[in-house]
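Enquirer:
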Amino acid sequence: MFPSFKKKKKKPFPSVKRNPFVANPLLKKIEKLNAKAQKDFLKTWSRASTIIPAMIGYTIYIHNGREHVPIPITKYMVNYKLGDFVPTRIFNQHNSKKKSDTKSVKSKSDTKSVKSKRDTQSRR
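For the sequence shown, this note's numbering begins at 1358 and goes up steadily by one.
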């Protein structure tokens, strides 16, 4: 008579189902450096690679489209993508001046010129 209300099992996140994506050349470089026990820097163009615990402590130079930006990897960055920490676009703030603001700036300059005329007249 009534539909059964069964609790649905929550699906795990995609990274739990399958291994995180890490570019093969980057993974090989990390494994080589871990074998040598060196904390050195790496240069990569793979912004889509996921940060794994083996990368902690390294400085990775990530390409933002124009240059490589150094990013030190910490434990709080694990499971994020490399591209999340390097913006590709530079945001220039919008002009906050409106037409009313430009008028007020002009009026201030006008008052300065009026004051300067008064000063010159009073000096005479």
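Beta carbons: idealized from backbone N, C-alpha and C, even for Gly.
(1) Could you check whether I1387 and I1413 sit closer than 7 Å to each other, using their CB atoms as the reference points?
(2) Return the first residue and the last residue of the beta strand (DSSP E) that I1417 is part of.
(3) So the candidates are T1416, T1445, F1442, F1448; which of them puts its Cα closest to the Cα of D1397?
(4) If you run the structure through DSSP and keep just helix, strand and coil, what is P1444?
(5) Hey, would you say T1445 sits closer than 7 Å to N1421, going by beta carbons?
(6) As a quick exercise: from I1408, N1391, L1383, pick the residue whose alpha carbon is nearest that of N1436.
(7) Just checking my contact of S1406 with L1390 at CB under 8 Å: how many whole Å lie between their CB atoms?
(8) Exposed or buried, which one is I1447 when buried takes at least 16 other CB atoms within 10 Å?
(9) Could you tell me whether the Cβ atoms of I1419 and L1439 are closer together than 7 Å?
(10) List the residues that DSSP assigns as beta-bridge partners of L1399.
(11) Roughly how many whole angstroms lie between the Cα atoms of A1308 and S1453?
Expert: Reading from the atomic positions:
(1) Against the sequence shown, residue 1413 aligns to sequence position 56. Against the sequence shown, residue 1387 aligns to sequence position 30. Against a cut-off of 7 Å, the Cβ pair of I1387 and I1413 comes out as no contact.
(2) Here residue 1417 is taken as the residue at index 60 of the sequence shown, counted from 1. Its beta strand (DSSP E) spans residues 1416-1420.
(3) Against the sequence shown, residue 1397 aligns to sequence position 40. Taking only the C-alpha atoms, the option nearest D1397 is T1416.
(4) As a position in the sequence shown, residue 1444 is number 87, starting the count at 1. In the structure shown, P1444 sits in coil (DSSP, three-state: anything other than H, G, I, E or B).
(5) As a working mapping, residue 1445 is identified with position 88 in the sequence shown. As a working mapping, residue 1421 is identified with position 64 in the sequence shown. Cβ distance < 7 Å, so T1445 and N1421 count as in contact.
(6) Residue 1436 sits at position 79 when you count from the first residue of the sequence shown. Nearest option by C-alpha distance: I1408.
(7) Within the sequence shown, the letter at position 49 stands for residue 1406. Within the sequence shown, the letter at position 33 stands for residue 1390. About 15 Å separates the two Cβ atoms, so there is no contact after all.
(8) For this step, residue 1447 is matched to residue 90 along the sequence shown. I1447 is exposed by the Cβ-count criterion.
(9) As a first step, residue 1419 is located in the sequence shown; it is residue number 62 there, counting from the start. As a first step, residue 1439 is located in the sequence shown; it is residue number 82 there, counting from the start. Yes. Within cutoff.
(10) On the sequence shown, residue 1399 is found 42 positions in, with the first residue counted as 1. The partner list for L1399 (beta bridge, DSSP) reads I1417.
(11) The structure shown does not extend to residue 1308, since the chain is modelled only from 1358 to 1481, so the question has no answer here.
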